[in-house]
Amino acid sequence: MIHFKAIGKIMGALLMLLSLLMLPGVGFALYFDSGDERALLLSALSSFTVGGVLFFSFSKQDQNIRKREGYMIVSLSWLLMSIFGMLPYILSGTIINFSDAIFETISGLTTTGATVLQDIESTPKGVLFWRSMTQWIGGLGIIVLTVAIFPLLGIGGIELFVAESPGPTSDKLHPRIRETAKRLWYVYVGLTILAGVLYLVGGMTFYDAINHALTTMATGGFSTKNASMAYYTSPFIQYVAILFMFLAGTNFTVIYFGITGKFSRVWRSDEFKAYTTVLIVLAVILSFPVYHYSGQEIEKSFRDTLFQVVSLITTTGFVTADYTSYHSGLTLLFFMMLFFGASAGSTSGGIKFVRHLTFFKNSWLEFKRIVHPRAVVPLKINGDRVTGKIITHIMNFLLIYLMIFTFGSVVIAIMGYDIMTAFGAVATSLGNVGPAIGRVGPMDNFAFFDPFSKIFLSFLMLLGRLELFTILVLFTPYFWRAN
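Note that full-length UniProt numbering numbers the sequence shown so that position 212 is 212, with each residue one more than the last.
Shown next, in the form of structure tokens:
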């Protein structure tokens, strides 16, 4: 039996926390006199009221959350946060229709970075800050934060952490799940502050620095400028963005070990080594054709290439150049990066390197098994043997991901869009990246899509952010059968 009252209690707590995170935007609205403070306050009040009713109505429900409740809470909470998160857009008049507002909100919370706003710089400052805040909330996951405080509310949190944590594994830094969540958020908040300070040193205004720090560490890609990071021609600012996009795409457990001086644990990570190597190799190799086709100086060509490679692989989506303008072959290579994803346990979306690594290692070992059919040839990641159950799970994930990409592309194409745009829109939505190819290239937006396509792409964003199975399991009869 599913404990719906316990689910309601936790969703109420999440909504109340969401309402509090809307309030910083009020300060910016008042400071810039942008006139949207009332919309933010009403949105926060509405979220807090509904959340409070849910929480206190079921305050006596203190059951530990089981796996089924965990998956339901994560899936339903992201949907509920998206509905209340779009209120500032609608009440301020920034976005007036439902499909656009829900698309922008889900794009923020899933850190996709796709937008329907055609003039970002004219958006009221308070709402624009809330737009950046949605990505920061969704970056490491608001539920990972609440897991740290749920014990104070009489709520168990481990099943929520397992359902929410990005990637096929959720490494624990501490035996107690609450301490793990807290330490992950310490790293997240600390790096966000450091990125903001460096952006400020590089010449950004305080407002732009804090917005870009929020969306960089979330690997979200929302910017306060229409031209994204291309607006800032300073090499210092762009290299700072590259550094923090790289860190945000690194498993936060690995970062924590690095900060605490446990470097042997850092280099033990096969995923981190593969992630770093691929980024460097691709940036170096692709910088030569970019230099040839762009006609820019060598350093600028390398910087643009490195920036786009890191931005796409980490699924951040910031842009400094139009990578579709160089050559069709380069466009294809950059498009393929939409399917990479960075590290498991990072704020990145996408498939994740550990899955690719497992797939290629297992495929390579299969040749050895063919030659020596009686030999026991174990697959190892980080020196540990990978069980057959995990290998099967990863293979299923890759197959289902490809099937959803194919099905989604057909749906968008049927809606009347060209095949390049369909491929690009579905790949970037499912991978939570932002820019793609076709009519959704790095210099374009998603405003031209019809309402149905926007809702469909929003659903793909949620699927990708929650690693497919968290949502898809709700549509199976096994999930709803009583124990």
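Glycine is no exception: its CB is placed at the ideal position from the N, C-alpha and C atoms.
Closer than 7 Å by C-beta to residue i: which residues in its own chain qualify, once you throw out the five before and the five after it? Chain order, please.
{"i": "L198", "result": "V240"}
{"i": "G441", "result": "D322, T324 and P435"}
{"i": "V410", "result": "none"}
{"i": "F55", "result": "K9, G12, A13 and M16"}
{"i": "L109", "result": "W78, M81, S82, G85, T134, I137 and G138"}
Spell out the partners DSSP gives residue i in its beta bridges.
{"i": "I381", "result": "D384"}
How big is the Cα-Cα spacing for residue i and residue j?
{"i": "L333", "j": "T276", "result": "18 Å"}
{"i": "M229", "j": "F302", "result": "16 Å"}
{"i": "F246", "j": "L306", "result": "11 Å"}
{"i": "S234", "j": "T320", "result": "11 Å"}
{"i": "Y71", "j": "I96", "result": "32 Å"}
{"i": "W480", "j": "E69", "result": "11 Å"}
{"i": "D450", "j": "F98", "result": "12 Å"}
{"i": "M337", "j": "D304", "result": "15 Å"}
{"i": "G345", "j": "R355", "result": "12 Å"}
{"i": "G27", "j": "S34", "result": "10 Å"}
{"i": "I391", "j": "G416", "result": "38 Å"}
{"i": "H3", "j": "F58", "result": "11 Å"}
{"i": "W130", "j": "D444", "result": "22 Å"}
{"i": "L312", "j": "V433", "result": "7 Å"}
{"i": "I298", "j": "I242", "result": "17 Å"}
{"i": "P175", "j": "G383", "result": "For P175, the pLDDT reaches just 47, beneath the cut-off of 50, and the residue's location in the model is therefore unreliable, leaving the point undetermined."}
{"i": "S348", "j": "T253", "result": "14 Å"}
{"i": "F359", "j": "T387", "result": "13 Å"}
{"i": "W136", "j": "T315", "result": "14 Å"}
{"i": "A422", "j": "T111", "result": "20 Å"}
{"i": "Y31", "j": "G25", "result": "10 Å"}
{"i": "T406", "j": "I419", "result": "11 Å"}
{"i": "V310", "j": "I237", "result": "15 Å"}
{"i": "R374", "j": "K368", "result": "10 Å"}
{"i": "G202", "j": "S132", "result": "20 Å"}
{"i": "I414", "j": "V371", "result": "46 Å"}
{"i": "G196", "j": "P477", "result": "47 Å"}
{"i": "E231", "j": "L474", "result": "The question names Glu, but residue 231 in the sequence shown is Tyr. Between Y231 and L474, the C-alpha separation is close to 43 Å."}
{"i": "E121", "j": "K262", "result": "43 Å"}
{"i": "K389", "j": "K361", "result": "16 Å"}
{"i": "K454", "j": "R385", "result": "42 Å"}
{"i": "A227", "j": "V426", "result": "23 Å"}
{"i": "M395", "j": "V53", "result": "43 Å"}
For residue i, which residues from the same chain have a beta carbon less than 8 Å from its beta carbon, with the 5 sequence-adjacent residues on both sides left out?
{"i": "L365", "result": "V377 and L379"}
{"i": "A208", "result": "According to the sequence as given, residue 208 is Asp; it is not Ala. The answer, listed in chain order, is Y199, T224 and K225."}
{"i": "I7", "result": "E69, M72, I73 and L76"}
Quick one: what's got a C-beta closer than 6 Å to residue i's C-beta in the same chain, skipping five residues either side?
{"i": "S19", "result": "A44, S47 and F48"}
{"i": "G51", "result": "G12, L15 and M16"}
{"i": "D100", "result": "V116"}
{"i": "D36", "result": "A29, S92, P124, G126 and V127"}
{"i": "G424", "result": "A436, I437, G438 and V440"}
{"i": "I381", "result": "D270"}
{"i": "L282", "result": "V309"}
{"i": "S287", "result": "S301, F302 and T305"}
Does DSSP classify residue i as helix, strand or coil?
{"i": "P373", "result": "coil"}
{"i": "M22", "result": "helix"}
{"i": "I7", "result": "helix"}
{"i": "F449", "result": "coil"}
{"i": "T94", "result": "coil"}
{"i": "E179", "result": "helix"}
{"i": "R481", "result": "coil"}
{"i": "E121", "result": "helix"}
{"i": "T260", "result": "coil"}
{"i": "A218", "result": "coil"}
{"i": "I2", "result": "coil"}
{"i": "R465", "result": "helix"}
{"i": "Y417", "result": "coil"}
{"i": "Y89", "result": "helix"}
{"i": "N226", "result": "coil"}
{"i": "D100", "result": "helix"}
{"i": "R66", "result": "coil"}
{"i": "R268", "result": "coil"}
{"i": "H327", "result": "coil"}
{"i": "Y239", "result": "helix"}
{"i": "F58", "result": "coil"}
{"i": "M443", "result": "coil"}
So is the beta-carbon of residue i under 7 Å away from any non-hydrogen atom of the ligand FAD?
{"i": "S269", "result": "The model depicted lacks the ligand FAD and carries no ligand whatsoever."}
At the 8 Å Cβ level, is residue i part of the contact set with chain B, yes or no?
{"i": "L87", "result": "Annotation note: the requested chain B is absent from the structure, which comprises a single protein chain."}
Is the segment 40-48 touching the segment 87-97 in the sense that three or more CB pairs, one from each, lie closer than 8 Å? yes
Taking three-plus beta-carbon pairs below 8 Å as touching, is the segment 67-82 in contact with the segment 4-12? yes
Examine the Cβ distances between the segment 283-291 and the segment 210-223 and report whether three or more of them are shorter than 8 Å. Under the Cβ criterion (8 Å, minimum of three pairs), the segment 283-291 does not count as touching the segment 210-223.
Please determine if the segment 254-268 and the segment 214-224 are in contact, where contact requires at least 3 C-beta pairs separated by less than 8 Å. no
Specify whether the segment 458-473 and the segment 398-410 touch according to this definition: at least 3 beta carbon pairs, one from each stretch, less than 8 Å apart. yes
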